[in-house]
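Comments concern the structure below.
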Amino acid sequence: MTNKNSDKETFSIPILDSSNYSEWNLWMMFHLWSRDLLDVCETPLATGATVPALNKWTKASHEAINIIASRLSHVVFLEVINNETKDNAHLLWTKINDQYASKRAINRGWVWMDWIWSNYHGDLQE
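For the sequence shown, the numbering used here assigns the number 194 to the initial residue and increments by one for each residue that follows.
Here's what the structure looks like:
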C-alpha cells in the first residue's frame, strides 16, 4: 500500500534535467533519508551479505530506484539507466552524481572563463 503523503513529497522533488543538479540532489537526498533509503544509495551491498540482508537491501534498492527514476527527465533517464544501474540504487546514485556533479563544476569553470574574457577585451591596461 502506498503512502499518499510520501507520494506527494516525492512529486515535490524537481525533475532532474541536467541544469538543476544541485537543487535536485538536495531535495532527493532529504527525501531518501526521510524514507530510510539514502544508505542503500550511498553504500554498496556488503560482500558476503546473508540472504535476509540481501533481500532487505534489494527491496530498499528497488524502492529508491523507483523514487529516483520518477524524478528524472526523459533525457537524463536515458543517460543514467542501463543494465547495471536499473537494479542497483548505489550504482544509479553514483552514476548520477558522477555525471552531473562533474558537469556542474565544468560549467562553472566555463562561466568564469567567459566572465574573465568579457572583462579583458584584449587589453590588460583597462
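The beta carbon of each residue, even a glycine, is placed where N, CA and C say it ideally should be.
Query, Result
"Taking all protein chains shown into account, do 16 or more other C-beta atoms lie within 10 angstroms of the C-beta of Leu285, making it buried, or fewer, making it exposed?", "buried"
"Measure how close the beta-carbons of Ser211 and Val269 come, nearest whole angstrom, since I'm counting them as under 8 angstroms.", "6 angstroms"
"From Asp232 to Trp226, what distance separates their C-alpha atoms?", "8 angstroms"
"Go to Lys252, then tell me how far its alpha helix (DSSP H) extends in each direction, as first and last residue.", "244–263"
"Under a three-way DSSP split, which group does Leu271 fall into?", "helix"
"For Ser254, count neighbouring C-beta atoms within 10 Å of its own C-beta (all shown protein chains included) and say buried if the count is 16 or more, exposed if not.", "buried"
"Can you tell me whether Pro207 is helix, strand or coil according to DSSP?", "coil"
"Start and end of the alpha helix (DSSP H) containing Glu216?", "214–227"
"Return the chain-ordered list of same chain residues with a C-beta closer than 7 angstroms to the C-beta of Asn213, the five sequence neighbours on each side being excluded.", "Pro207"
"By a C-beta neighbour count over all protein chains shown, 10 Å radius and 16 as the cutoff for buried, is Thr240 buried or exposed?", "exposed"
"Thinking just about the alpha-carbon of each residue, which of Phe204, Thr203, Trp217, Ser205 is nearest to the one in Tyr293?", "Trp217"
"Which residues in the same chain as Ser263 place their Cβ atom closer than 7 angstroms to its Cβ, once the five residues preceding and following it in sequence are excluded?", "Thr203"
"May I ask which residues mark the beginning and end of the alpha helix (DSSP H) holding Glu235?", "231–235"
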